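Colleague: With this note's numbering applied, the sequence shown covers 114 to 283. Glycine included, every Cβ here is placed at the ideal spot set by N, Cα and C. All values derive from a computational prediction rather than experimental measurement.
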Amino acid sequence: VIKGEEDQQAKDFNITEEMRLQYAPFFYRLFAFLGQPGYSVMDFGDFLSVIILDTDHTNSIDGPQLQWLEETLSARQKTKHIIPVYHVPEYPSHRSYDGATQVRVREHFVPLFEKYGIKVAFENHDHAYKRTHPIKAGEVVGKNEGIVYIGDGAWGQKVRPTHQDAWYLA
Numbered sequence: 114v115i116k117g118e119e120d121q122q123a124k125d126f127n128i129t130e131e132m133r134l135q136y137a138p139f140f141y142r143l144f145a146f147l148g149q150p151g152y153s154v155m156d157f158g159d160f161l162s163v164i165i166l167d168t169d170h171t172n173s174i175d176g177p178q179l180q181w182l183e184e185t186l187s188a189r190q191k192t193k194h195i196i197p198v199y200h201v202p203e204y205p206s207h208r209s210y211d212g213a214t215q216v217r218v219r220e221h222f223v224p225l226f227e228k229y230g231i232k233v234a235f236e237n238h239d240h241a242y243k244r245t246h247p248i249k250a251g252e253v254v255g256k257n258e259g260i261v262y263i264g265d266g267a268w269g270q271k272v273r274p275t276h277q278d279a280w281y282l283a
């Protein structure tokens, strides 16, 4: 149903739990999700919330997950640290900046991250270490004014070369 290129535009996200386990067996068996599989939040009192998001893997970025994200962020406005974690990066270190999923993450997640004062987000997928400058409204801003995106770890894979001229990479 969902298998194919990462930038595939039209995906059928109306899948069953059995299909999720078939499509992403290691992910769903390794990580426990309460309620909707594929995105969740883990709270550590009012000090830290880690928000796990699905970047069009088995849940649409702009579907019910987006509404859930807004509600989750709104309910945690008094939490000192809120850290989103997700797979496909908004600001990739190796892949195309203009990839369909990257653009969708920037269009839908970033406005909420900025609205609710997120300071750091962990991204993955590119198999290369990266850290961005602080970014707000699609531009590099001063320290403590925007969001720093960290991640793209190799996780045992060969480290890939990174963009040398990307405006957002520190």
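1) Can you give me the C-alpha to C-alpha distance between Q121 and Q215, rounded to a whole angstrom?
2) Give the straight-line distance between the Cα atoms of A279 and F140, rounded to the nearest whole angstrom.
3) T185: which of H207, H170 and V154 sits nearest, CA to CA?
4) Name the residue from I174, L166, Q270 and G151 whose alpha carbon lies nearest to the alpha carbon of A213.
5) Between K271, R133, T168 and L134, which has its C-alpha nearest R219's C-alpha?
6) Grab me the residues of R244's own chain with a C-beta within less than 7 Å of its C-beta, minus the 5 sequence neighbours each way, in chain order.
7) Buried or exposed for G117, please, with buried defined as at least 16 other CB atoms from any protein chain shown within 10 angstroms of its CB.
Modeller: So, to answer that:
1) Residue placement at Q121 is poorly supported in this model, since its pLDDT is 41, which falls under 50; the coordinates still yield a value, given next. The alpha-carbon atoms of Q121 and Q215 are separated by roughly 12 Å.
2) Straight-line Cα distance between these residues: approximately 31 Å.
3) The residue with the shortest Cα to Cα distance from T185 is V154.
4) Closest by alpha carbon: I174.
5) Of the candidates K271, R133, T168 and L134, the one whose C-alpha sits nearest the C-alpha of R219 is T168.
6) The residues are V261, I263 and A283.
7) With a pLDDT of 40 at G117, under the threshold of 50, the modelled position of that residue is not reliable, and the figure given next carries that caveat. When all chains shown are included, G117 counts as exposed.
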